[in-house]
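Down below is the structure, laid out as C-alpha cells.
Numbering (my numbering), first residue to last: 922 to 1267.
Okay, structure coming up:
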C-alpha cells in the first residue's frame, strides 16, 4: 500500500513541480548564487537548508588532514531526526564508477574484451537492440551506443520495473538514437547490460563481485547493493518538492553508501591505489574519475579536486527533477569547494 501511495503522489507531483519551478526557480538560484560566501563549510551547509533543502551531508577528505563531516537539516523530517553525516544514502549513478572498475578488472583478467560486441556477449539481443553487432563493450561503458535510456521510458519513475529483465524489456525493439560511436548520450541501459555482463562472466552476482574486488580490499563496510541489504532506519529520508511523504522506500535499484565510504573509494580511484598493475591504464581509456547521482529524493556529487588534493562528497535529500534543486545542489557544492580553496591558500 505504501509503495502504491508513493506512485500516486509522484504522478501528481511531477506536473505540479514543473509549474512551480517555472515561477520560482530563477530567484532561488540567483539568491543562492549571490549570497556572500561564508567562512566555513558548516555555514554553507546551513545556508543550503535555508535555500530549501530538507537535509544535506558533506564529507571532506583533504590530504594530510583527518576527514571532516558536515550535516544540516533532517535525516527524517516527520520524526524530527537531525541529519546524520554517517547515514546511508542512495548514490544512484555514482555506482557507475564501481561498474567501470569491475569491467577494468575483468578486462585485465582477459575474461572480457572491450572490443567484443553486444551481439558477442548477448546473441539473444540481436534483432531486439539495433546495431547489436556494432556496439562494443567500450562503446557501452562510454555511453556512445545509441541504445535508448530506459529511465526515459514512459512511467519509469512512477511505475518502476520490478527486475532487470523487466527494465530491459522497456527498451527492446526501440530504434537506436544514433549510430554506435557517432554521438554521446547518457543511457542507464548501457549499465544495466554491463551489470548483466559482469554477472555472466564473473559467475556471481555483480554486487558480490564488487564486494570482493573493491569493497573488501578498501575496507568499506557501509556500501550496499540494494535497500533489501540495509536497516531502513539507517537510510536518510528522501523528499520530492511538493510531497509531504518520505519516499525512501521507493526502490529504483540504487546502491547505498555513507559519504565516507564513497569518499574513500573516490580517493583510491583517483590516486590509483584501487588498481593492480595495468588496470589504471585500462580504466583511464574508458571512463571518468568523478560522478554525480540522481533519483527521486536523492542527489549526490562525488569529485576529487587535484589542485587542493581534496575529495568532496555531497548528499542532498531533496529533488524535483525540473532542474532547480539540482542547480541549487551544484551551486552549494561549488561554494563549498571555493571555501576549501580559500582556506588552503590562506
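A virtual CB, placed ideally from N, CA and C, is assigned to each residue, including glycine.
Quantities reported herein were computed from a predicted structural model and do not represent experimental measurements.
Inset, instruction - Tell me, to the nearest whole angstrom, how far the beta carbon of residue 1221 is from that of residue 1004; I am working on the premise that it is less than 8 Å. - result: By one-based count along the chain shown, residue 1221 stands at place 300. By one-based count along the chain shown, residue 1004 stands at place 83. Not a contact, Cβ separation roughly 14 Å.
Legend entry - Cα-Cα separation between residue 1250 and residue 1199, rounded to whole angstroms: Position 329 of the chain shown, counted from the start, is the residue given in the question as residue 1250. Position 278 of the chain shown, counted from the start, is the residue given in the question as residue 1199. Their Cα atoms are separated by approximately 36 Å.
Inset, instruction - Would you identify the three-state DSSP class for residue 1009, choosing helix, strand or coil? - result: Translated into the one-based positions of the chain shown, residue 1009 becomes position 88. Of the three classes helix, strand and coil, the one that applies to residue 1009 here is strand, per DSSP.
Inset, instruction - Under the assumption that residue 1148 contacts residue 1110 (Cβ atoms under 8 Å), give the Cβ distance between them as a whole number of angstroms. - result: Numbered from 1 along the chain shown, position 227 holds the residue referred to as residue 1148. Numbered from 1 along the chain shown, position 189 holds the residue referred to as residue 1110. No, residue 1148 and residue 1110 are not in contact; Cβ-Cβ is about 22 Å, not under 8 Å.
Legend entry - Three-way DSSP call (helix, strand, coil) for residue 992 in this model: As a working mapping, residue 992 is identified with position 71 in the chain shown. Strand at residue 992.
Legend entry - C-alpha distance - residue 1262 paired with residue 1140, whole-angstrom precision: Position 341 of the chain shown, counting from 1, holds the residue named residue 1262. Position 219 of the chain shown, counting from 1, holds the residue named residue 1140. Those two C-alpha atoms are separated by around 29 Å.
Inset, instruction - Compare the beta carbon distance of residue 976 and residue 1238 with 8 Å and say whether it is the shorter of the two. - result: As a working note, residue 976 is residue 55 in the chain shown. As a working note, residue 1238 is residue 317 in the chain shown. Cβ distance < 8 Å, so residue 976 and residue 1238 count as in contact.
Inset, instruction - With a cut-off of 8 Å on the beta carbons, I'd call residue 1217 and residue 1168 a contact; round off their distance for me. - result: Here the question's residue 1217 lines up with position 296 in the chain shown. Here the question's residue 1168 lines up with position 247 in the chain shown. At roughly 6 Å, the Cβ-Cβ gap stays under 8 Å, so residue 1217 and residue 1168 are in contact.
Inset, instruction - Taking only the alpha-carbon atoms, compute the straight-line gap between residue 1089 and residue 1166 and give it to the nearest angstrom. - result: Translated into positions along the chain shown, residue 1089 becomes position 168. Translated into positions along the chain shown, residue 1166 becomes position 245. Approximately 29 Å, taken between the alpha carbons.
Inset, instruction - Find out if the Cβ-Cβ distance for the pair residue 1176, residue 1145 is shorter than 8 Å. - result: What you label residue 1176 is simply residue 255 of the chain shown in a count that begins at 1. What you label residue 1145 is simply residue 224 of the chain shown in a count that begins at 1. Contact: yes.
Legend entry - Unbroken stretches of the beta strand (DSSP E), 3 residues or longer, contained in the region 1177-1264: 1212-1216, 1219-1226, 1231-1237
Inset, instruction - Decide yes or no for the touch test of the region 1118-1134 against the region 1017-1032: beta carbon pairs closer than 8 Å, at least 3 of them. - result: yes
Inset, instruction - Determine the DSSP secondary structure at residue 1094, reduced to helix, strand or coil. - result: Counting from 1 along the chain shown, the entry for residue 1094 is found at position 173. Correct three-state label for residue 1094: coil.
Inset, instruction - Tell me whether the beta-carbon of residue 983 lies closer than 8 Å to the beta-carbon of residue 1231. - result: On the chain shown, position 62 is the one that residue 983 refers to. On the chain shown, position 310 is the one that residue 1231 refers to. The answer is yes: Cβ separation under 8 Å.
Inset, instruction - Return the first residue and the last residue of the beta strand (DSSP E) that residue 980 is part of. - result: Locating residue 980 in the chain shown gives position 59, where the first residue counts as 1. Taken as a continuous stretch (DSSP letters only), the beta strand (DSSP E) holding residue 980 covers 976-983.
Inset, instruction - Could you tell me if residue 961 is buried or exposed, where buried requires 16 or more neighbouring beta carbons within 10 angstroms of its beta carbon? - result: Taking the chain shown and counting its residues from 1, the one referred to as residue 961 is at position 40. With fewer than 16 Cβ atoms within 10 Å of its Cβ, residue 961 is classed as exposed.
Inset, instruction - State yes or no: is the C-beta of residue 1093 within less than 8 Å of the C-beta of residue 1065? - result: In the chain shown, counting from the first residue as 1, residue 1093 sits at position 172. In the chain shown, counting from the first residue as 1, residue 1065 sits at position 144. In this structure, residue 1065 does not lie closer than 8 Å to residue 1093 by Cβ.
Inset, instruction - Please go through the region 1114-1162 and give each complete alpha helix (DSSP H) segment of 4 or more residues, from N-terminal end onward. - result: 1127-1131
Inset, instruction - Please name the residue or residues paired with residue 1050 in a DSSP beta bridge. - result: Within the chain shown, the letter at position 129 stands for residue 1050. According to DSSP, residue 1050 bridges with 1047.
Inset, instruction - Count the other CB atoms, across all protein chains shown, that sit within 10 Å of the CB of residue 1069; report buried if there are 16 or more and exposed otherwise. - result: Mapped onto the chain shown, residue 1069 falls at position 148. Label assigned to residue 1069: buried.
Legend entry - Whole-angstrom C-beta distance between residue 1010 and residue 1219, which should lie under 8 Å: As a position in the chain shown, residue 1219 is number 298, starting the count at 1. As a position in the chain shown, residue 1010 is number 89, starting the count at 1. The Cβ separation is near 6 Å, so the contact holds.
Legend entry - Residue span of the alpha helix (DSSP H) that contains residue 963, given as start and end: Translated into positions along the chain shown, residue 963 becomes position 42. Taken as a continuous stretch (DSSP letters only), the alpha helix (DSSP H) holding residue 963 covers 962-971.
Inset, instruction - Could you spell out where the alpha helix (DSSP H) holding residue 1059 opens and where it closes? - result: Sequence index remark: in the chain shown, residue 1059 carries index 138 (1-based). Looking at the DSSP string, the run of the alpha helix (DSSP H) that includes residue 1059 is 1058-1062.
Legend entry - Close Cβ partners of residue 1256 (< 7 Å) along its chain, the five nearest in sequence each way excluded: Locating residue 1256 in the chain shown gives position 335, where the first residue counts as 1. Only 958, 965 meet the Cβ criterion.
Legend entry - Residue environment, residue 1202, which counts as buried when at least 16 other CB atoms sit within 10 Å: Within the chain shown, residue 1202 is the residue found at index 281, counting from 1. Label assigned to residue 1202: exposed.
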